[in-house]
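Residue numbers (our numbering), protein chains in the order written: chain A, 7 to 208; chain B, 3 to 419.
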């Protein structure tokens with residue numbers, strides 16, 4: 007029932023992200039380019055490979071999309087996504103499937119119409135998602151709404167992809183420190199399994 | 003002072019790991035800048051990890067604080083503001099240490115600097131020309147003085163001319179190991195209504211009612227209590243923790259009511275800050291910890307130990323917040339009809355930057371018609387407040403016991419030296 011918190015082994019901040027981005031501009035390592043936008047001219051192979059990448063992929067990959075149950079707990083819905091392309095491609099497909107909403111009895115927690123503007127990969131397993139303003143606008147004042155929306159994304163990616171350790175969310179390219187009037191999103195977030203219904207939880 | 007007191011028990015716990023000479027060396031200096039704006043008045047709080055000496059240099063378009071020692075690398079981040087008399091805050095290395103430069107949008111705004119200890123903060127209020135015209139005495143008072151907020155003369159802040167807006171009160175200093183000063187923070191207020199229940203009950207009104215009742219209940223239990231707002235007005239999130247820091251709070255409790263898209267969702271929850279969140283002091287450490295191993299100040303062995311101690315102090319704070327959250331939640335669970343949604347961690351903005359154990363209480367769901375009805379009832383609010391008061395008493399007693407057990411015959415005045 008009580009959670010002591012997943013050990014925060016890596017809370018690398020924006021500074022680190024910026025360092026990486028800066029390094030990318032001036033130096034040899036491949037840049038963590040936006041990899042998810044339709045308009046992006048970047049070829050898929052420009053995305054740095056993460057550990058685990060490179061094996062011949064099967065045709066589909068099962069992912070766990072997280073939505074809410076009637077008691078406002080997160081609950082997973084299994085979905086198969088096309089396993090082709092790079093890790094960034096698969097992450098983008100997963101996020102888009104999540105944003106499209108549940109197909110079963112669960113409740114959607116991402117405001118309808120939310121769009122993924124860009125997706126960035128960091129070689130240490132931090133995925134940065136840049137969402138459009140619909141995401142922030144569509145949340146109500148209850149902190150439960152904002153928490154569920156944020157962690158539906160974080161848990162979905164962190165649970166479905168072994169390569170993902172943390173997820174950082176940007177809104178319209180910017181850090182938000184008061185999402186839904188409550189949440190500070192200036193740091194990468196770790197999956198929170200205490201938000202799920204489960205044994206020992208009410 | 004808060005920080006050495008916090009460190010003291012830790013030093014005792016790990017006496018073998020800490021060379022005696024360490025105590026004389028300063029910790030790395032980190033800085034967290036927060037800004038809030040109201041009309042044409044900007045308030046910028048520079049929260050340092052420890053006291054520092056500085057000089058001020060003013061020109062028509064710049065206001066610079068020169069520090070005689072370097073800031074840690076992670077503090078060197080610039081900030082830009084879209085509105086207000088300060089356009090930018092620039093943090094630079096200089097030959098002598100570091101410089102904090104306020105780049106002004108309009109020449110010669112009125113700047114008031116207030117130095118606070120415990121924790122060491124420089125609180126700057128910058129009034130633009132529009133604000134100077136409109137400020138009237140009386141409307142700047144944040145917390146009306148009440149019977150529980152009397153300040154003994156020795157804790158009076160230095161008289162400032164003119165008084166900066168939103169300057170909060172201070173509570174008398176608690177003795178070491180004593181948890182007596184509580185700052186309660188009713189969420190939202192003013193134009194920020196917060197959640198609204200089916201019956202029309204508004205979060206901002208409900209949490210103010212509960213906070214006032216809780217003040218009453220805590221005061222009769224011997225605590226000293228301050229509210230971040232005691233009326234229907236908006237208070238910036240950063241200002242709420244700044245009020246608690248400034249007041250010398252031993253605990254900070256933010257009070258909220260929840261809402262969900264699902265009418266069935268119900269129950270109270272107690273939150274504390276997730277460890278990955280940008281805590282006032284933990285932030286710079288996290289950056290270092292995960293950054294590439296680089297030659298620099300952090301690679302010095304004794305400084306590594308200091309960083310470890312620093313982190314331990316931070317996690318001790320978080321551990322205490324977690325314990326308080328557990329105690330509050332367990333009392334709430336024993337209230338009949340209140341369902342346990344448990345203790346959770348989340349990066350609540352309002353908890354970031356508090357230098358004392360801080361928790362956020364979601365008293366229940368306004369979107370649940372039954373729960374909204376209960377929450378509106380005075381006797382239910384009384385029971386809720388009695389439960390929270392009982393938890394805070396238990397917490398205060400546990401800290402007292404712990405402090406006694408750890409200190410033994412050791413002299414507390416040696417702490418942090």
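Glycine included, each C-beta is placed from N, C-alpha and C at the ideal position.
Beta-bridge partners of residue i, as assigned by DSSP
{"i": "residue 260 (chain B)", "result": "B:367"}
{"i": "residue 129 (chain B)", "result": "B:43 and B:112"}
{"i": "residue 116 (chain A)", "result": "Paired residue(s): none; residue 116 (chain A) is not in a bridge."}
{"i": "residue 31 (chain B)", "result": "B:73"}
{"i": "residue 229 (chain B)", "result": "B:186"}
{"i": "residue 91 (chain B)", "result": "B:81 and B:104"}
{"i": "residue 254 (chain B)", "result": "B:185 and B:360"}
{"i": "residue 123 (chain B)", "result": "B:49 and B:118"}
{"i": "residue 38 (chain B)", "result": "B:45"}
{"i": "residue 134 (chain A)", "result": "A:126 and A:174"}
{"i": "residue 194 (chain B)", "result": "B:191"}
{"i": "residue 390 (chain B)", "result": "Looking at the DSSP assignment, residue 390 (chain B) forms no beta bridge with any residue, so it has no partner."}
Boundaries (first-last residue) of the beta strand (DSSP E) holding residue i
{"i": "residue 379 (chain B)", "result": "Unbroken run through residue 379 (chain B): none, as it is neither H nor E."}
{"i": "residue 59 (chain B)", "result": "56-60"}
{"i": "residue 174 (chain A)", "result": "172-177"}
{"i": "residue 69 (chain A)", "result": "66-74"}
{"i": "residue 272 (chain B)", "result": "270-274"}
{"i": "residue 103 (chain B)", "result": "100-106"}
{"i": "residue 81 (chain A)", "result": "80-88"}
Neighbour list for residue i in chain B, Cβ cutoff strictly below 8 angstroms
{"i": "residue 137 (chain A)", "result": "By Cβ distance, chain B contributes nothing, its closest Cβ being about 17 angstroms from residue 137 (chain A), past 8 angstroms."}
{"i": "residue 184 (chain A)", "result": "239 and 351"}
{"i": "residue 111 (chain A)", "result": "Ordered by position in chain B, no residue passes the 8 angstroms Cβ test against residue 111 (chain A), which lies about 12 angstroms from the chain."}
Residues that residue i contacts on chain A, provided the C-beta gap is smaller than 9 angstroms
{"i": "residue 261 (chain B)", "result": "146, 147, 148, 149, 150 and 151"}
{"i": "residue 50 (chain B)", "result": "Going along chain A, no residue has its Cβ under 9 angstroms from residue 50 (chain B), so there is no contact; the nearest lies around 18 angstroms."}
{"i": "residue 205 (chain B)", "result": "147 and 148"}
Boundaries (first-last residue) of the alpha helix (DSSP H) holding residue i
{"i": "residue 101 (chain A)", "result": "93-106"}
{"i": "residue 141 (chain A)", "result": "139-143"}
{"i": "residue 241 (chain B)", "result": "239-249"}
{"i": "residue 182 (chain A)", "result": "Segment: none, residue 182 (chain A) is in no alpha helix (DSSP H) and carries neither H nor E."}
{"i": "residue 124 (chain A)", "result": "Here residue 124 (chain A) belongs to no alpha helix (DSSP H); instead the beta strand (DSSP E) covers 122-127."}
{"i": "residue 156 (chain A)", "result": "149-166"}
{"i": "residue 357 (chain B)", "result": "From DSSP, residue 357 (chain B) is part of no alpha helix (DSSP H); its letter is neither H nor E."}
{"i": "residue 217 (chain B)", "result": "205-222"}
Supposed close pair residue i, residue j - CB separation, criterion 8 angstroms
{"i": "residue 98 (chain B)", "j": "residue 64 (chain B)", "result": "Not quite, the Cβ-Cβ distance comes to about 17 angstroms (not below 8 angstroms), so this is no contact."}
{"i": "residue 99 (chain A)", "j": "residue 122 (chain A)", "result": "That belief does not hold up - the Cβ atoms of residue 99 (chain A) and residue 122 (chain A) are roughly 10 angstroms apart, past 8 angstroms."}
{"i": "residue 126 (chain B)", "j": "residue 113 (chain B)", "result": "6 angstroms"}
{"i": "residue 66 (chain B)", "j": "residue 101 (chain B)", "result": "6 angstroms"}
{"i": "residue 186 (chain B)", "j": "residue 351 (chain B)", "result": "Between residue 351 (chain B) and residue 186 (chain B) the Cβ distance is about 17 angstroms, and since that is not below 8 angstroms, they are no contact."}
{"i": "residue 208 (chain B)", "j": "residue 184 (chain B)", "result": "Contact doesn't hold; Cβ gap of about 19 angstroms is too wide."}
{"i": "residue 274 (chain B)", "j": "residue 353 (chain B)", "result": "7 angstroms"}
{"i": "residue 81 (chain B)", "j": "residue 37 (chain B)", "result": "7 angstroms"}
{"i": "residue 259 (chain B)", "j": "residue 77 (chain A)", "result": "Not a contact, Cβ separation roughly 17 angstroms."}
{"i": "residue 196 (chain B)", "j": "residue 205 (chain B)", "result": "3 angstroms"}
{"i": "residue 69 (chain A)", "j": "residue 162 (chain A)", "result": "7 angstroms"}
{"i": "residue 71 (chain A)", "j": "residue 93 (chain A)", "result": "The pair is not a contact, with the Cβ atoms about 17 angstroms apart (cut-off 8 angstroms)."}
{"i": "residue 80 (chain A)", "j": "residue 74 (chain A)", "result": "6 angstroms"}
{"i": "residue 400 (chain B)", "j": "residue 325 (chain B)", "result": "7 angstroms"}
Heavy atom of the ligand ATP within 7 angstroms of residue i beta-carbon
{"i": "residue 362 (chain B)", "result": "With respect to the ligand ATP, the structure shown offers nothing to examine, as it has no ligands at all."}
Residues that residue i contacts on chain B, provided the C-beta gap is smaller than 7 angstroms
{"i": "residue 188 (chain A)", "result": "350 and 351"}
{"i": "residue 78 (chain A)", "result": "262, 264 and 267"}
{"i": "residue 103 (chain A)", "result": "The premise fails here: residue 103 (chain A) is roughly 20 angstroms from chain B at the closest Cβ pair, so nothing lies under 7 angstroms."}
Proximal residues of chain A, C-beta to C-beta of residue i below 8 angstroms
{"i": "residue 248 (chain B)", "result": "Residues of chain A passing the Cβ test: none, with the nearest at roughly 21 angstroms."}
{"i": "residue 364 (chain B)", "result": "149 and 150"}
{"i": "residue 32 (chain B)", "result": "Within chain A, no residue comes near residue 32 (chain B); the closest Cβ sits about 12 angstroms away, beyond 8 angstroms."}
Within chain B, partners of residue i - CB distance below 9 angstroms
{"i": "residue 200 (chain A)", "result": "344, 345, 346 and 347"}
{"i": "residue 74 (chain A)", "result": "262, 263, 264 and 267"}
Partners in chain A for residue i, counting only beta-carbon separations shorter than 7 angstroms
{"i": "residue 196 (chain B)", "result": "147"}
{"i": "residue 360 (chain B)", "result": "Result: empty, since nearest Cβ-Cβ is about 13 angstroms, beyond 7 angstroms."}
{"i": "residue 258 (chain B)", "result": "149"}
- Item | the region 339-359 of chain B touching the region 168-180 of chain A, judged by at least three CB pairs closer than 8 angstroms | no
- Message: Between the region 246-266 of chain B and the region 353-371 of chain B, can you find at least three pairs of beta-carbon atoms closer than 8 angstroms?
- Response: yes
- Query: Are at least three pairs of beta-carbons, each pair with one atom in the region 221-229 of chain B and one in the region 319-334 of chain B, less than 8 angstroms apart?
  - Reply: Counting Cβ pairs under 8 angstroms, fewer than three are found: no touch.
- Task: Examine the Cβ distances between the region 179-190 of chain A and the region 99-114 of chain A and report whether three or more of them are shorter than 8 angstroms.
- Result: At 8 angstroms Cβ cutoff, the stretches do not touch.
- Using 8 angstroms as the Cβ pair cut-off and three pairs as the minimum, do the region 176-184 of chain A and the region 127-142 of chain A touch? yes
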